[in-house]
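The structure appears right after this line, and notes come after that.
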Amino acid sequence: MKMKKWIFKFSFILIIAFWMGEGRLFSKSNPLLELEKARKAVLKKVQPSVVAILVESQEMSLGPSIFSGVILDRKGHIVTLGRSFQLGLKRKYSVITYSQKKYSAKVVAYDPLSKIGILKIKALSGEDLTPVEMGDSSKVEKGDFAISVGNPFGLLQSCCFGTVSGVHRLIEMDGLPYPEVIQITSPINPGDMGGLVANAKGQMIGLMATSYQASYGRERQIQLFQKLFEQLLRQPGRPPQKLPFSLLPMGHFIRGSGISFVLPSNLVKKIATHLLEKGEVSWGVLGLKATYTQKGILVREVKPKGPADKGGLKKGDLIQNFNGKKLINLYHL
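The opening position of the sequence shown corresponds to residue 1006 in the working numbering, with each subsequent residue numbered one higher.
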């Protein structure tokens, strides 16, 4: 009888010990908890480098507009993106830091081509000036983590964990081409422009620029295109043909989702350095008009006495490589 009681007690102790050990083992090896911990660590590192920028002027009847920016150094320089930061405009700028302190700011330099601007604040506390750690955007690949921090619709310090879904993109903003842009899955909303996008190490890989958002305005254009396409299908003596499908989705509402674009950090760093050192950016001029084709870049026009003309380029030339590198698009040239 005593032996049975001893065996029962010993078995009970073993079960409790195994259960406690299994719980500790599970808590230590739970990949979701480890991922959550790593995400929080990255946010803790990058959030103090992100600020909200308020822009006020008399023409803004609905109140100040809000953008995002990233702290470059402990001197108070902030890099951002947008048309509202042009020099000479009678506008009032202020910055809200991670600690929720508000400072007046001034625009010290602006590049109208890239839309990159540099603001400066005089922070009384060094804790309010946490410079971002720059990453190498040329090493960004599809599938990489993309951690974004901005101020969408004035919701300060909002964060999102996404994925790099494309690299070397060529997009157009305000009628100007932007090459080597990074595509991410995280949304970019009003107020996010100029916000930080970082990698898993907490290094900046770019500034939030824009997102693809088609809307009702495109519906009429597509309807007209479909009608024109059906007219092209018509043949003399035969009844009009119709497409077996509609080019419009169900609900007749077109909306791009998860297609956002980031200005790469290498470009931002290069332009910001020029702006801080010289106050402006000098862009090169080729002096030609060209079109990108599958076979290469086709020269359509050469400006007389321009750099391209002096280099021997002529109308009709096909450029496939430059310095031994294949040209991915026109703006690589």
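Each residue gets a CB set at the ideal place from its N, CA and C atoms; glycine is no exception.
_Assuming contact is defined by CB atoms lying nearer than 8 Å, are V1100 and V1056 in contact in what I supplied?_
Result yes, Cβ atoms of V1100 and V1056 sit closer than 8 Å.
*According to the Cβ coordinates, are P1312 and L1291 closer than 8 Å?*
Contact: yes.
*What residue range is occupied by the uninterrupted alpha helix (DSSP H) comprising I1276?*
Looking at the DSSP string, the run of the alpha helix (DSSP H) that includes I1276 is S1270 to K1283.
*Using the beta-carbon count (16 or more within 10 Å), is L1268 buried or exposed?*
The Cβ neighbour count for L1268, taken over all protein chains shown within 10 Å, is at least 16; the residue is labelled buried.
*asked:* Output needed for A1277: all residues of its chain with C-beta closer than 7 Å, excluding positions within five of it in sequence on either side, in chain order.
replied: Contacts found: L1077, V1084, I1121 and I1123.
*State the DSSP-derived secondary structure class of Q1105, mapped to helix, strand or coil.*
DSSP places Q1105 in coil when its eight states are reduced to three.
*Provide the residue span of the alpha helix (DSSP H) that contains E1306, from first to last.*
E1306 -> not in any alpha helix (DSSP H); beta strand (DSSP E) instead, spanning G1301 to V1307.
*Are there 16 or more other CB atoms within 10 angstroms of the CB of L1252, so buried, or fewer, so exposed?*
Annotation note: pLDDT 40 at L1252 (below 50); position unreliable, coordinate value reported separately. Exposed is the label assigned to L1252, since fewer than 16 other Cβ atoms lie within 10 Å of its Cβ.
_I need the straight-line Cα distance from G1200 to L1272, nearest angstrom please._
Cα to Cα, G1200 sits roughly 15 Å from L1272.
*In chain order, what residues of the same chain have a beta carbon less than 7 Å from the beta carbon of L1303, not counting five sequence neighbours either side?*
Here the set comprises A1295, T1296 and L1323.
*Distance, Cα to Cα, T1102 vs G1316?*
Cα-Cα distance, rounded: 50 Å.
*Taking the CB atoms as reference points, tell me whether E1132 and S1104 lie closer together than 8 Å.*
Taking 8 Å as the Cβ cut-off, E1132 and S1104 qualify as a contacting pair.
*For D1179, which residues of its own chain have a beta-carbon under 8 Å away from its beta-carbon, when the five flanking residues on both sides are left out?*
Around D1179: R1088 and K1120.
*With DSSP run on the structure shown, which of helix, strand or coil describes S1077?*
It should be pointed out that residue 1077 corresponds to Leu in this sequence rather than to Ser. In the structure shown, L1077 falls within a coil segment according to DSSP collapsed to helix, strand and coil.
*Consult DSSP for A1114 and reduce its assignment to one of helix, strand or coil.*
Reduced to three states, the DSSP call for A1114 is strand.
*For F1327, does the three-state DSSP call read helix, strand or coil?*
DSSP places F1327 in strand when its eight states are reduced to three.
*Can you name, in chain order, every residue of its own chain whose Cβ lies under 8 Å from the Cβ of N1328, other than the five neighbours on each side?*
Closer than 8 Å at the Cβ level, and outside the excluded window around N1328, lies no residue.
*CB contact flag (R1096, V1137, <8 Å)*: No Cβ-Cβ contact shorter than 8 Å links R1096 with V1137.
*Just to confirm, are S1153 and M1213 a CB contact at a threshold of 8 Å?*
Yes. Within cutoff.
_Need the endpoints of the beta strand (DSSP E) that K1125 sits in, please._
Where K1125 is concerned, the enclosing beta strand (DSSP E) stretches over I1121 to I1126.
*Pick from K1080, H1082 and I1058: whose alpha carbon is nearest that of K1107?*
If we check each option's Cα against that of K1107, I1058 comes out closest.
*Does the beta-carbon of K1330 have 16 or more other beta-carbons within 10 angstroms, so that it is buried, or is it exposed?*
Here K1330 is exposed: its Cβ has fewer than 16 other Cβ atoms, across all protein chains shown, within 10 Å.
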